[in-house]
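The structure appears below as structure tokens.
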Amino acid sequence: MKNILVTGGAGFIGSAFVRHLVAAYPQYHLVTFDKLTYAGNLDNLLPVKDAANHTFVQGDIADREAVRSTFEQHRIDTVVNFAAESHVDRSILAPDAFIMTDVVGVYILLDEARQHGIGRFVQVSTDEVYGDVPEGFSTEQDAFLPNSPYAASKAGGELMVRSYHVTYGMDTVITRGSNTYGPYQYPEKLIPFFTTEALDDRPLPVYGDGRQTRDWLHVDDHARGIDLALHQGRPGEAYNIAGEDLRYNIDVTRMILRLLNKPDTLIRYVKDREGHDRRYAMSAEKLRALGWTRQHTFEDGLQATLDWYRQHEWWWRKIKTGEYLDYYKKQYADRLAAAEK
Ligand code: NAD
Ligand code: DAU
Numbered sequence: 098m099k100n101i102l103v104t105g106g107a108g109f110i111g112s113a114f115v116r117h118l119v120a121a122y123p124q125y126h127l128v129t130f131d132k133l134t135y136a137g138n139l140d141n142l143l144p145v146k147d148a149a150n151h152t153f154v155q156g157d158i159a160d161r162e163a164v165r166s167t168f169e170q171h172r173i174d175t176v177v178n179f180a181a182e183s184h185v186d187r188s189i190l191a192p193d194a195f196i197m198t199d200v201v202g203v204y205i206l207l208d209e210a211r212q213h214g215i216g217r218f219v220q221v222s223t224d225e226v227y228g229d230v231p232e233g234f235s236t237e238q239d240a241f242l243p244n245s246p247y248a249a250s251k252a253g254g255e256l257m258v259r260s261y262h263v264t265y266g267m268d269t270v271i272t273r274g275s276n277t278y279g280p281y282q283y284p285e286k287l288i289p290f291f292t293t294e295a296l297d298d299r300p301l302p303v304y305g306d307g308r309q310t311r312d313w314l315h316v317d318d319h320a321r322g323i324d325l326a327l328h329q330g331r332p333g334e335a336y337n338i339a340g341e342d343l344r345y346n347i348d349v350t351r352m353i354l355r356l357l358n359k360p361d362t363l364i365r366y367v368k369d370r371e372g373h374d375r376r377y378a379m380s381a382e383k384l385r386a387l388g389w390t391r392q393h394t395f396e397d398g399l400q401a402t403l404d405w406y407r408q409h410e411w412w413w414r415k416i417k418t419g420e421y422l423d424y425y426k427k428q429y430a431d432r433l434a435a436a437e438k
């Protein structure tokens, strides 16, 4: 393994992975390949801007020619695919881009990888493929029951990866991460959205009764889990990367407000997300057997994350303009207006 292509490496988790690998493995050359959609952000890669072992290429994983020329130009031997449309609410508003990237894009990337004799292909996936888990903890053998267009598109991508292992013998590994939080997360996701809104004393739209459960994982723990799966995962296997720290959304919301010293009166209960999964929960046993453990508790990780957003207004204020505001209006204007009646 020498030349690693990290697709989607300008996003939240991909950039954490790139920053980690650049520092931890000076012997590798990393190529970040990213379309720079609304969620892609070169500011996330500023810490590696001068690194001798990192190159950035702008491109789309669904563009066969761009993928092919990048494989050849950089003599890629390993792929780690983070590239995806990743936000459930946007998938409900407009599923098209999800199918194009999370299914068709994964297929094109895989197919080119096969034709170029790529050694290992890691597909970064999600606990959402298991669907709602009313009780217990999903293990890697559980059936897929995805409920949103996002979750279904991720399941479709994963199944293509599986088929390339079984049919063509490709060396693939799949990771399924739980809800991830930390620095550089696009402020449409619960924690950075509520944090940045609360800092501006704006209302926090909690969907439904707020008693949906999510399993929280710090982004650095997620990146280290993918690193381990890349280096030690068995071909054809999938590995859950779970924080195993389950919280109600309303409790997370109240923690954010308390840590920012803001009042609970900012909370608004709004119309629920359509098809909203009530609970996600996975077992991390299989990855633990490879030596992974979580290093951040949710309390410490959340405190550090809120401090980061407080200290990096320059990063998020320039995102919360233009397209972001159009999306905010579509997603929240009616919900908040109805809640205030
Ligand atoms: P993100 O939305 O922050 O970043 C996605 C990145 O992919 C962006 O940089 C974007 O520009 C890029 N991209 C999108 N379409 C592309 C295309 N066609 N070609 C090339 N690049 C493209 O997402 P994230 O939260 O960092 O998630 C990364 C991966 O991890 C995704 O595959 C997601 O499904 C998965 N995941 C996320 C979480 C989470 O809680 N955020 C949890 C588990 C798994
Ligand atoms: O579980 C892993 C998944 O976690 C990843 O695969 C996805 O890419 C990632 O976006 C995330 O999906 P969720 O839908 O769980 O995350 P989100 O931050 O959008 O929402 C977390 C919970 O908070 C969910 O139950 C919906 C709720 N929520 C979210 C927003 C944005 C609200 O109540 N209000 C909101 O405004």
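Residue numbers (the numbering used here): 98 to 438. Built from N, CA and C at the ideal position, the CB exists for glycine as well. Owing to the predicted nature of the structure, the values given are computational and were not obtained by experimental measurement.
Check: Out of curiosity, what's the CA-to-CA distance linking D157 and D361?
Finding: Approximately 42 Å, taken between the alpha carbons.
Check: Nearest-angstrom Cα distance between E334 and M379?
Finding: Straight-line measurement puts the Cα of M379 at about 16 Å from the Cα of E334.
Check: If D48 and Y406 are in contact, beta carbons under 8 Å, what's the gap, nearest whole angstrom?
Finding: The chain is shown only over 98 to 438; residue 48 falls outside these bounds and no answer can be derived.
Next item on the list: State yes or no: is the C-beta of V316 within less than 9 Å of the C-beta of A113?
Entry: Remark: C-beta atoms of V316 and A113 approach each other more closely than 9 Å.
Note to self: Taking only three categories from DSSP, how would you classify I173?
What the structure shows: In the three-state reduction of the DSSP assignment, I173 falls in the coil class.
Note to self: Going by the DSSP bridge assignment, what does S235 pair with across the sheet?
What the structure shows: In the DSSP secondary-structure assignment, S235 is bridged to M379.
Note to self: Residues in the same chain with beta-carbon distance under 8 Å from N358, minus the five sequence neighbours each way, listed in chain order, please.
What the structure shows: Hits under 8 Å: none found.
Next item on the list: Please confirm whether Q220 and V270 have their CB atoms less than 9 Å apart.
Entry: In this structure, Q220 lies near V270, with their beta-carbon atoms less than 9 Å apart.
Checklist line | Beta-carbon proximity check, P243 vs V226, cutoff 9 Å | finding: Yes, these two residues count as a Cβ contact at 9 Å.
Notebook entry, point to check: the ligand NAD heavy atoms versus the CB of T167: any closer than 8 Å?
Noted result: No, since every heavy atom of the ligand NAD falls outside the 8 Å radius drawn around the Cβ of T167.
Notebook entry, point to check: Do H393 and P280 have their C-beta atoms closer together than 9 Å?
Noted result: It is not a contact, given that the beta carbons lie outside the stated cut-off.
Item checked: E43 to W389 span [Cα, whole Å] -> The chain is shown from 98 up to 438; residue 43 falls before or after that span and cannot be answered.
Checklist line | L142 to T129 span [Cα, whole Å] | finding: Each residue's Cα considered, the two are about 9 Å apart.
Check: Based on the DSSP output, what are the partners of T104 in its beta bridges?
Finding: Note: T104 sits in a beta bridge opposite F130, N178.
Next item on the list: Determine, using beta-carbon pairs with one atom in the stretch 195 to 213 and one in the stretch 167 to 182, whether at least three such pairs fall under 8 Å.
Entry: Yes: at least three Cβ pairs fall under 8 Å.
Next item on the list: Rounded to whole angstroms, what's the CA-CA distance from G307 to Y424? Just pull it up for me.
Entry: Roughly 22 Å separates the two Cα atoms.
Next item on the list: Would you mind working out which of T104, P144, V258, K415 sits nearest V119, comparing C-alpha positions?
Entry: Nearest to V119 by C-alpha distance, out of T104, P144, V258, K415, is P144.
Next item on the list: Would you list, in sequence order, the uninterrupted alpha helix (DSSP H) runs of no fewer than 4 residues that lie entirely inside the stretch 269 to 335?
Entry: Within the stretch 269 to 335, the complete alpha helix (DSSP H) runs of at least 4 residues are 287 to 296, 316 to 329.
Next item on the list: Compare the C-alpha of P123 against each of A148, M197, G111 and name the closest.
Entry: Sorting A148, M197, G111 by C-alpha distance to the C-alpha of P123 places A148 at the top.
Margin query: Suppose you measure from the CA of E371 to the CA of G214; what does that come to, to the nearest Å?
Written below: In this structure, the alpha-carbon of E371 lies about 42 Å from that of G214.
Margin query: Quick check on H151: does DSSP put it in helix, strand or coil?
Written below: The answer is strand: DSSP assigns H151 an E or B state.
Note to self: One question on the structure: do V185 and A248 come within less than 9 Å of each other, judged by their Cβ atoms?
What the structure shows: Contact: yes.
Next item on the list: Less than 8 Å between the CB atoms is what I'm expecting for G233 and D374, so what's the real figure, rounded?
Entry: Going by Cβ atoms, the distance from G233 to D374 rounds to 15 Å, so no, they are not a contact pair.
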